[in-house]
Each structure stands twice: as C-alpha cells, then as structure tokens.
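Those letters in the sequence shown? Residues 1 to 142, per UniProt numbering, in order. Below: one structure, written as structure tokens.
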Amino acid sequence: MSDESIPTEASDLRAAAMRLARRIRQQRSVTTMTDAQFAVLVNLHLHGPHTLTALAERDGVTAPSMNRTVNCLEELGFVTRVAATDDRRKVRIAITDAGSVVVRETSERRDNWLAQILGRLDDAERRTLHSAAEIILREVHR
1 MSDESIPTEA
11 SDLRAAAMRL
21 ARRIRQQRSV
31 TTMTDAQFAV
41 LVNLHLHGPH
51 TLTALAERDG
61 VTAPSMNRTV
71 NCLEELGFVT
81 RVAATDDRRK
91 VRIAITDAGS
101 VVVRETSERR
111 DNWLAQILGR
121 LDDAERRTLH
131 SAAEIILREV
141 HR
C-alpha cells in the first residue's frame, strides 16, 4: 500500500463506519425515539442526574434544544426532574427505571444484532475486525 491510496482507504473506512453506525442505531427497543433522545438517556444512565445546562453542554446543543428533548423524554416517562440535594433551587434531570430499561434493552438489541453478523464470519475475519476496533479506539482517544 502506498501513501497515494490513503485518501481512498479513508473514504472506504468512513463509508463503512457510517453504514455500520446507521444499522446499529436502527436496533432500538423504542423505534420512535430519536438518536438525541437516546443519547440523553445513555448519558443519564451512565453518569447519573445532570442539570439541563450540563446535559446541553455534554451533547453540544443549546439549552432550549435540550429542554425540548428532556420534555419529550419526561412525557414518555423516561426521565424525571428532581430538586438537587445541595441546592433546592436547582433541578436535575434523572433517568427513571423505564428509561434505564430502554437503555439496557437497546444495548442488548444492538449487541445481539452485531453478534449475528460476527457469527457469520470466520475466525480470521473476526480477529481482523477486533484488531481494527482496537486500533480505531486507540486513535480516537489520542
């Protein structure tokens, strides 16, 4: 392989990664939920309650946009607003048990879908993909 092939390789890798990500995102336990809504649930599931401002900053969106997302999730029963224990004037957004179920079930669906694909590959192909995943993660965390 030469340096001249790097742009083509980059394009091929980007296209494959985007198609894979799209197919994985389709594996949801709640099909009407948006990616943005699910991202908020995952964040709350992994990191605990947040203020609206902290959620907006974490996702790189405006507070009004995050407020719309949270309102929708609250209407669906996936999040709740609770007074902060350190300052009763502050409100934190917390995931409900129903929201945690959505996160767990969606993660399981996505893992199972990908496991089916991996199950169709031979050992060498699976090792290649596992090595590629390690390299990609190493580089994106630099």
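Positions of the beta carbon are idealized from the N, C-alpha and C atoms, including for glycine.
Every unbroken alpha helix (DSSP H) inside the stretch 15-84 [4 residues or more]
35-47, 52-59, 63-75
Name the two residues that bound the continuous beta strand (DSSP E) containing Arg92.
To locate residue 92, count along the sequence shown from 1; it is residue 92. Run containing Arg92: 91-95, per the beta strand (DSSP E) assignment.
Candidates Glu139, Leu55, Met33, Thr62: which alpha carbon is nearest Val91's?
Walking along the sequence shown from the start, residue 91 turns up at place 91. If we check each option's Cα against that of Val91, Leu55 comes out closest.
Less than 8 Å between the beta carbons of Val42 and Phe78, yes or no?
The residue labelled residue 42 in the question sits at position 42 within the sequence shown. The residue labelled residue 78 in the question sits at position 78 within the sequence shown. Going by C-beta atoms, Val42 is not nearer than 8 Å to Phe78.
Could you check what DSSP says for Asp111 in three-state terms: helix, strand or coil?
Stepping through the sequence shown from its first residue, residue 111 is reached at position 111. The answer is helix: DSSP assigns Asp111 an H, G or I state.
Round the Cβ separation of Val70 and Val40 to the nearest angstrom and send it over; I've been treating them as touching at under 8 Å.
Locating residue 70 in the sequence shown gives position 70, where the first residue counts as 1. Locating residue 40 in the sequence shown gives position 40, where the first residue counts as 1. 7 Å between Cβ atoms; contact.
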